[in-house]
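Undergrad: For the protein sequence lines, the chains are A and B, in the order given. Per the numbering used here, the first sequence starts with residue 1, numbered consecutively. Per the numbering used here, the second sequence starts with residue 558, numbered consecutively.
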Amino acid sequence: MSLMANRRPDWKTSGTPWVWLTAGTVAFSLILVLGVLGMVGYQGVIHFWPSSVVQISLKGNQAGTALGEVAGSETVSVARLRDQGLQTPEGVKQVERLLLKTGNRKIYGFDFKWFNATDYDDLSVPPDVAVIEREEWGNFYGFLVGLKFDGQVLKGRRDQLELKLSEMMDRRYEIKEKILRVEKSEMGALNYQMDKIRLERRKLELDQVPGSDPRFASLDSRVSELEEQYIVLGESLKELNQEIDRDSIEMITTQGESVTLDVKDLVRVYFPNNMNVFQKFTHYFAKLWEFVSEDPREANTEGGIFPAIFGTVAMVLLMAVLVTPFGVVAAIYLNEYAAQSALTKVIRIAVNNLAGVPSVVYGVFGLGFFVYFLGGTIDSLFFEANAPAPVFGTPGLMWSSLTLALLTVPVVIVSTEEGLTRIPRSIREGSLALGATKAETLWRTVLPMATPAMMTGLILAVARAAGEVAPLMMVGVVKLAPALPVDGNFPFIHLDRKFMHMGFHIYDVGFQSPNVEAARPLVYATSFLLIILIISLNMTAIKIRNSLREKYNATET
Amino acid sequence: MTNIGEFDKSHRDKVRNLKDRLFGLFMSVGGVSVIGAILLIFFYLLYVVFPLSYEASIEKVFSTNGPRSESSLLLDIDEYNEIGLNIYPDGVAIFSSLLGDKIIKRSRLFPFKGPSETITSVAAGDPASRVYAVGTSSGRGNLFQAEYELTYPEDTRVVIPGINFPSGQEPLVLDSKGDAIRLISGQFMDERGTVVSVTNDGRLLVTIITVETAFLSEDKEIVYETFQVNDTSKNLTEIRLDVEQRDLVTVSSGGIVALWDVSDPKRSNLVDKVSVVKPNEKISAISFLSGGISLVIGTESGSLQQWFAVRDENNLYTLRKIRDLEPMPTGITNIKPEHFRKAFAVTDKGGNFALYHATANNKVADVAGLFDDLSTLAISPRSKAVLFADSAGRLDLFKVDNEHPEISLGALWGEIWYESRLEPEYVWQSSAANSDFEPKYSLTPLVFGTLKATFYSMLFAVPLAIFGAIYTAYFMAPRMRSIVKPTIEIMAALPTVILGFLAGLWLAPYLEKNLAGFFLIMLFVPSIVFLTSILWPSVPRVIRERVPDGWESLLLVPIVCLGIWSSLALGTVIEIQFFGGNLPHWLNLHYGISYDQRNSIVVGIAIGFAVIPTIFSISEDAVFGVPRSLTMGSLALGATPWQTVTRVILLTASPGIFSAVMIGMGRAVGETMIVLMATGNTPIMDLNIFQGFRALSANIAVEMPESEVNSTHYRILFLAALVLFLSTFFVNTLAEVVRQRLRKKYANL
């Protein structure tokens, strides 16, 4: 079809350069697409790798050394640095500089620092550097000099200390887990029950039951029972906190300051420069596991994103449960029962176009109609005891799922309808000819055959819903949810709760967090996870659709 | 199966038929309700937006005999519209219940010297602080505040009224000569008060009051001093002091309005003096609006004007007429400002009553012949009621339903001269810290932002997507196409929050550092592709045959990469050589072009990236669907492939490409997360490509969660959503109709 070669004379008239130019746009688009995917993937994956810690010795007036992980490097014109009010080397127009994650925010006041190549020499990878992840204040970089274990002070070489340290850390994890269990599940459950009793009490008051009613007394006795339990838990929590306070470690920074760190604040201690590849991989997967299974720390800039993953999945699942019947019923109606008139055609176009309406509009609708109108009505009818605190009259999981179900129902309708129209006439007619009613034909032959199409629609809907953020910002997502929407307290699924979401997490951590530089790798990792999720969903949908098409093409011939 | 009896069979058939009908009914009802629910969105948005267009309504609730059958000088009302306050010329203040004629509290403002001393002037200060000033026939006067304390004994609301004297109960001697006070105006705030008065013999006096509270005993020490302002006009008809106790406005009988700065009473100086009305006209009413910046002036012929002092480049203030408001039929008698909004009530001689909003230049209510004998009126603090008193002391309470006076077509879309601004502007600023803030609800800058984002993103996406679609559909080898098409299409599913994150945190700083390189890419990459096409035929056959027809773009991938890389590298060099090492800085220095890091280029690229798959996919389908017979015919007649593309394919597929662009545009218009994250979100109207903007969608996402339900702001955000809804719906419908026609056309060919 195309003629590229061997046509030198009419090269110009043939328009070959234009063809090449169009080929160039395809190449450019591909580079964009793969570049973005590649960058997010690389940045998302590399973050958990324990990279070596380097040490540089500084020259000139800021003599000393700096220790940290290399976070980036660039060549920049001196003029730019000067415009930013930074110190610049003389006599050159360009300078190479290195970004080190120096950590130790509590001492230096910053986590990251640029060093001009002219300001330092001797970049080395010193052995025995410890990287310490902490509950607060970010990473610490330094050298381990001593341990304080149960009152005993231990000093010595790193490898001797390391063994003892891992013992201390194990103990810390164990106690920490206990503390968390007490705080979160046990005390949380008590609080939950107490709140329920308070509401029951309020309900009785609202029903104008006299104060002498025995029900009040029984509620009161339950409260005092719970309070006693609470006190017991408080005691054991206090004990645990004392226990975890016991140990500490002594560190020395590269500048020579010695710092004592409490073991209870340490999340992880490792020595990247002494690790072999196997250890590094172990560390990598441990970090990766932490990322997908733990709660976030430090204003979402450290730790894991488990609540966000959980929230996304819960919201999407609930949405899927809602959207499938709605979409399928509407599609069956449009395709099988509605008179194929001009009106139906208009409705079909309208439904189709609703998929193109900006998602933020759905958010506005969800907030106004679902949250304020429906939720407000539900509250005033069934949750009078909670007033003035809203239950459903405030953004939450259920309204988010409903809003997204509304947003994605056109996708399911269109896809299901496409599946229904693709089913050959002969099959329906065969069924009807054998005496089946219309309902039986639909139920026994047509719908089973259209199932893959419904699946495609559903998967596409889920893929779209998983990536939407704008409407959720109005109808239920928060940056930090105190509790998961599913927990051990009756009724186990709390549709009124607010939840965390991966997409919103990206927005929030990337743009609202105080320490964007430190949070960035985590945002990349979250993005990568979200991309994987959504692309694999889409791929599945495409696969199903393609196999479906082939199947019917086969039946038709 | 075969031996079923007749009866059984017919019974079974009945059940089956019933099931069939039930199934059909279920599907119909279900289907219609689902579709109805989706279409509900539009109607619900409309339902929320619609009250913005309502006019205000005024409805008489009741009338009562006031506490006395005489005309009161001043009227005040509490926020629940239950208690009214009347001040009578003999210095008696009476709080009475409006529900029954019961007198709740009666007190004297201050002891008069004798029966000959009467109140000769009274004026309201700032409506929100409820300060009033009275002056007597013997040159004395005072400030007082009406207070309504809310108590809840046994869970029922009881309002306890009272009068507070911020400058002490002892009257102030305003005129040491003891002349009667003809005109008065006073304000009090934060332990400082000012009373301005005009005596019967025409002197203009300024009394400054300072209250010092002792540290422990809470005793108040009140010090005041009176200064005379040397005003040349002896015949002042109105005076008004603003809430800041700085600007004094005087009106003289010739219609001359003068603005004095009395912040330093020893040296009160005239700021500006203007003639406001035509020679034979007279100013009959004047009032500051809430906030004390705008002045509304009403004349004897019924015209209404808004004025305020505007600061020019030299920091000098001049009084400027901001707008003419719709006139009343007869001469204006009263102008009463609302407590918090820039709205006010007006009465005229003919007994007409109207409600206005200054910013919106909106006459929201107009009731003719509401009364025939009016002495004073009061607006309730929440602006939900108006209380009228006639000369016989009767009180009429009118309920006012005036939720959204600040909205008019002009206020939403036009250029409005807002308070303290130099000129009329398009401004979106929905909230501020202070309660008497003038909200600025112009949607124009937001729509402008949306259009700017759409324009730049389409500029980036359309050429790439359409050219790419042509190549992919017409020239590309089928095997490569089966990989390339889904690869690009999958990008449509990429969450825009990720693109926004990349654009805001990676692309924006990168672009700032490599601006010259970026412009080079636009120049260099097409040239290098062009160059390749020229050089390709001269490449040895062995290599050339390695790349079969239709795989050129794969060959071009490394070449384009090389082009991009070398442009960026060269860009740094060029920047250092020619632009002092910092192009954005250089642009600002030499051309005054300011550079935002998160600017329109960044947004254009990011949104462009998001819409490329949409446009690409639909136009690729359109090009691919062009019947073979047409292209084959064209080629058979001797046209080159490119001629076939431009003269046959593009022409035939143009409706499809058009609808692709439309749908892409619809997506760009509504894109939220990218514009939220990749721009500074400042609502400015500036075509500069290096500046950010604020788009409708991002504005909704930012402000919606904080807006109060059913407030004007809330409804305007719904209006913004409705605008987005309608525009995308229109664009998409257009695209869909075009596409369906095209499909029919292809089917016929």
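Heads up, the beta-carbon is just placed ideally off N, CA and C, and yes, glycines get one too. In this text the structure is predicted, and so the values were computed from the model without any measurement.
Chain A partners of F1286 (chain B), CB-CB under 7 Å?
TA: As a first step, residue 1286 (chain B) must be located in the second sequence, where it is residue number 729. The contacting residues are N353 and V357.
Undergrad: Cβ closer than 8 Å: which chain A residues qualify as neighbours of V1082 (chain B)?
TA: For the purposes of this step, residue 1082 (chain B) is identified with residue 525 of the second sequence, where counting begins at 1. Those within 8 Å of V1082 (chain B) in chain A are G24 and F28.
Undergrad: Quick test of your reading: I1333 (chain B) and P718 (chain B), contact by CB under 8 Å. State the CB separation rounded to the nearest angstrom.
TA: Lying before the first or after the last residue shown, residue 1333 (chain B) is absent from chain B, which here runs from 558 to 1306.
Undergrad: Let me know the secondary structure DSSP gives K571 (chain B) once reduced to three states.
TA: Here the question's residue 571 (chain B) lines up with position 14 in the second sequence. Helix at K571 (chain B).
Undergrad: Per the DSSP calculation, E982 (chain B) is bridged to which residue(s)?
TA: Residue 982 (chain B) sits at position 425 when you count from the first residue of the second sequence. Paired residue(s): B:I973.
Undergrad: Closer than 8 Å, Cβ to Cβ, to anything on chain B: give me those residues from the region 482-513 of chain A, in chain order.
TA: Cβ contacts with chain B: G503, F504, I506, Y507, G510 and F511.
Undergrad: So that I know if they touch, is there some Cβ in chain A lying closer than 8 Å to that of H568 (chain B)?
TA: Numbered from its first residue, the second sequence carries residue 568 (chain B) at position 11. Judged by the 8 Å Cβ criterion, H568 (chain B) is not in contact with chain A.
Undergrad: Quick one: using the 10 Å Cβ neighbour count with 16 as the cut-off for buried, is I644 (chain B) buried or exposed?
TA: In the second sequence, the residue the question calls residue 644 (chain B) occupies position 87. Its Cβ being crowded by 16 or more others within 10 Å, I644 (chain B) is buried.
Undergrad: Among the candidates B:V716, B:S628 and B:G735, whose CA atom is the shortest distance from the CA of S673 (chain B)?
TA: Walking along the second sequence from the start, residue 673 (chain B) turns up at place 116. With distances taken between Cα atoms, S673 (chain B) lies closest to B:G735.
Undergrad: By the 10 Å Cβ neighbour count, where 16 or more other Cβ atoms means buried, how is Q1248 (chain B) classified, buried or exposed?
TA: Locating residue 1248 (chain B) in the second sequence gives position 691, where the first residue counts as 1. Buried: at least 16 other Cβ atoms inside 10 Å.
Undergrad: Report yes or no: is there a C-beta of chain B within less than 8 Å of the C-beta of K543 (chain A)?
TA: As a working note, residue 543 (chain A) is residue 543 in the first sequence. It does not; no Cβ of chain B falls within 8 Å.
Undergrad: Using a C-beta to C-beta distance shorter than 9 Å, which residues of chain A count as neighbours of L702 (chain B)?
TA: As a working mapping, residue 702 (chain B) is identified with position 145 in the second sequence. Reading off the sequence, residue 702 (chain B) comes out as Gln, not Leu. Result: empty, since nearest Cβ-Cβ is about 31 Å, beyond 9 Å.
Undergrad: Given a threshold of 16 other Cβ atoms within 10 Å of its Cβ, counted over all protein chains shown, does E704 (chain B) qualify as buried or as exposed?
TA: Locating residue 704 (chain B) in the second sequence gives position 147, where the first residue counts as 1. E704 (chain B) should be labelled exposed.
Undergrad: Quick one: using the 10 Å Cβ neighbour count with 16 as the cut-off for buried, is D121 (chain A) buried or exposed?
TA: Counting from 1 along the first sequence, the entry for residue 121 (chain A) is found at position 121. Counting Cβ neighbours within 10 Å, D121 (chain A) comes out exposed, since fewer than 16 surround it.
Undergrad: My guess is that I544 (chain A) and P452 (chain A) are in contact by the Cβ rule of under 8 Å, so how many angstroms apart are they, rounded?
TA: Counted from its first residue, the first sequence places residue 544 (chain A) at position 544. Counted from its first residue, the first sequence places residue 452 (chain A) at position 452. Yes, they are in contact, since the Cβ atoms of I544 (chain A) and P452 (chain A) sit about 5 Å apart, within 8 Å.
Undergrad: What first and last residue would you give for the alpha helix (DSSP H) that runs through R422 (chain A)?
TA: Here residue 422 (chain A) refers to the residue found at position 422 when the first sequence is read from its first residue. L397 to R422 is the span of the alpha helix (DSSP H), which, as asked, contains R422 (chain A).
Undergrad: Flag this pair as touching only if the region 891-907 of chain B and the region 824-838 of chain B have three or more C-beta atom pairs under 8 Å; answer yes or no.
TA: Not touching, per the Cβ criterion.
Undergrad: Using the C-alpha atoms, what's the distance from F1286 (chain B) back to F600 (chain B)?
TA: Counted from its first residue, the second sequence places residue 600 (chain B) at position 43. Counted from its first residue, the second sequence places residue 1286 (chain B) at position 729. Cα to Cα, F600 (chain B) sits roughly 14 Å from F1286 (chain B).
Undergrad: In whole angstroms, what separates the C-alpha of R268 (chain A) from that of E250 (chain A)?
TA: One-based indexing of the first sequence puts residue 268 (chain A) at position 268. One-based indexing of the first sequence puts residue 250 (chain A) at position 250. If you take the alpha carbons of R268 (chain A) and E250 (chain A), they lie about 15 Å apart.
Undergrad: Name the chain B residues that come within less than 8 Å of A80 (chain A), Cβ to Cβ?
TA: For the purposes of this step, residue 80 (chain A) is taken as the residue at position 80 of the first sequence. Sequence inspection shows Arg at residue 80 (chain A); the Ala mentioned does not correspond to that position. Ordered by position in chain B, the residues that pass the 8 Å Cβ test against R80 (chain A) are K1070, G1138, N1139 and H1142.
Undergrad: Looking at C-beta atoms only, is the number of pairs between the region 1130-1140 of chain B and the region 1012-1020 of chain B that lie closer than 8 Å three or more?
TA: As far as the Cβ criterion goes, the region 1130-1140 of chain B does not touch the region 1012-1020 of chain B, which means the pair count is below three.
Undergrad: So for S1216 (chain B), helix, strand or coil by DSSP?
TA: The residue you call residue 1216 (chain B) lines up with position 659 of the second sequence. Helix at S1216 (chain B).
Undergrad: Just to confirm my understanding: we take E136 (chain A), look at its own chain, exclude 5 residues before and 5 after, and list those with CB closer than 7 Å. What are they?
TA: One-based indexing of the first sequence puts residue 136 (chain A) at position 136. Answer for E136 (chain A): D265 and E298, listed in chain order.
Undergrad: For chain B, find out if any of its Cβ atoms is closer than 8 Å to the Cβ of M4 (chain A); answer yes or no.
TA: Start at 1 with the first residue of the first sequence, and residue 4 (chain A) comes out as number 4. Only weak support exists for where M4 (chain A) lies, its pLDDT of 46 falling under 50; the coordinates are left without a value.
Undergrad: Are A1252 (chain B) and A1010 (chain B) closer than 8 Å when you measure CB to CB?
TA: Here residue 1252 (chain B) corresponds to residue number 695 of the second sequence, with the count starting at 1. Here residue 1010 (chain B) corresponds to residue number 453 of the second sequence, with the count starting at 1. Yes, the Cβ-Cβ distance between A1252 (chain B) and A1010 (chain B) is below 8 Å.
Undergrad: If I measure Cβ to Cβ from L1192 (chain B) and keep anything under 8 Å in the same chain, skipping five residues before and after, which residues do I get?
TA: Taking the second sequence and counting its residues from 1, one reaches residue 1192 (chain B) at position 635. P1198 and T1201, listed in sequence order.
Undergrad: Name, please, each residue of chain B whose Cβ falls closer than 8 Å to the Cβ of N538 (chain A).
TA: As a working mapping, residue 538 (chain A) is identified with position 538 in the first sequence. Ordered by position in chain B, the residues that pass the 8 Å Cβ test against N538 (chain A) are I1047 and A1050.
Undergrad: Curious, which full-length alpha helix (DSSP H) runs of at least 4 residues does the region 65-141 of chain A contain?
TA: Counting whole runs of 4 or more residues, the region 65-141 of chain A contains the alpha helix (DSSP H) stretches 78-83 and 105-108.
Undergrad: Taking the beta carbon of L1194 (chain B) as the centre, do at least 16 other beta carbons fall within 10 Å, making it buried, or is it exposed?
TA: Working through the second sequence from its first residue, we reach residue 1194 (chain B) at position 637. L1194 (chain B) is exposed by the Cβ-count criterion.
Undergrad: For L543 (chain B) versus D804 (chain B), is the C-beta distance shorter than 8 Å?
TA: Absent from the model: residue 543 (chain B). The displayed extent of chain B is 558 to 1306, so no value can be given.
Undergrad: Give the range of the alpha helix (DSSP H) segment to which K164 (chain A) is assigned.
TA: If you number the first sequence from 1, residue 164 (chain A) lands on position 164. Here the alpha helix (DSSP H) through K164 (chain A) covers R158 to L180.
Undergrad: Across the region 496-508 of chain A and the region 308-326 of chain A, are there enough close Cβ pairs to call them in contact, namely three or more that are closer than 8 Å?
TA: At 8 Å Cβ cutoff, the stretches touch.
Undergrad: Quick check: what's the CA-CA separation for G366 (chain A) versus G593 (chain B)?
TA: Sequence index remark: in the first sequence, residue 366 (chain A) carries index 366 (1-based). Sequence index remark: in the second sequence, residue 593 (chain B) carries index 36 (1-based). One C-alpha to the other measures close to 16 Å.
Undergrad: Is L204 (chain A) near R215 (chain A), with beta carbons less than 8 Å apart?
TA: Counting from 1 along the first sequence, the entry for residue 204 (chain A) is found at position 204. Counting from 1 along the first sequence, the entry for residue 215 (chain A) is found at position 215. In contact: L204 (chain A) and R215 (chain A) (Cβ atoms closer than 8 Å).
Undergrad: Could you run through the region 75-109 of chain A and flag, in chain order, every residue whose CB is less than 8 Å away from some CB of chain B?
TA: Per Cβ criterion, the list reads T75, V76, S77, V78, A79, R80, D83, K93 and Q94.
Undergrad: Less than 8 Å separating the beta-carbons of V78 (chain A) and L67 (chain A)?
TA: Stepping through the first sequence from its first residue, residue 78 (chain A) is reached at position 78. Stepping through the first sequence from its first residue, residue 67 (chain A) is reached at position 67. No, the pair does not count as a contact, with Cβ atoms beyond the cut-off.
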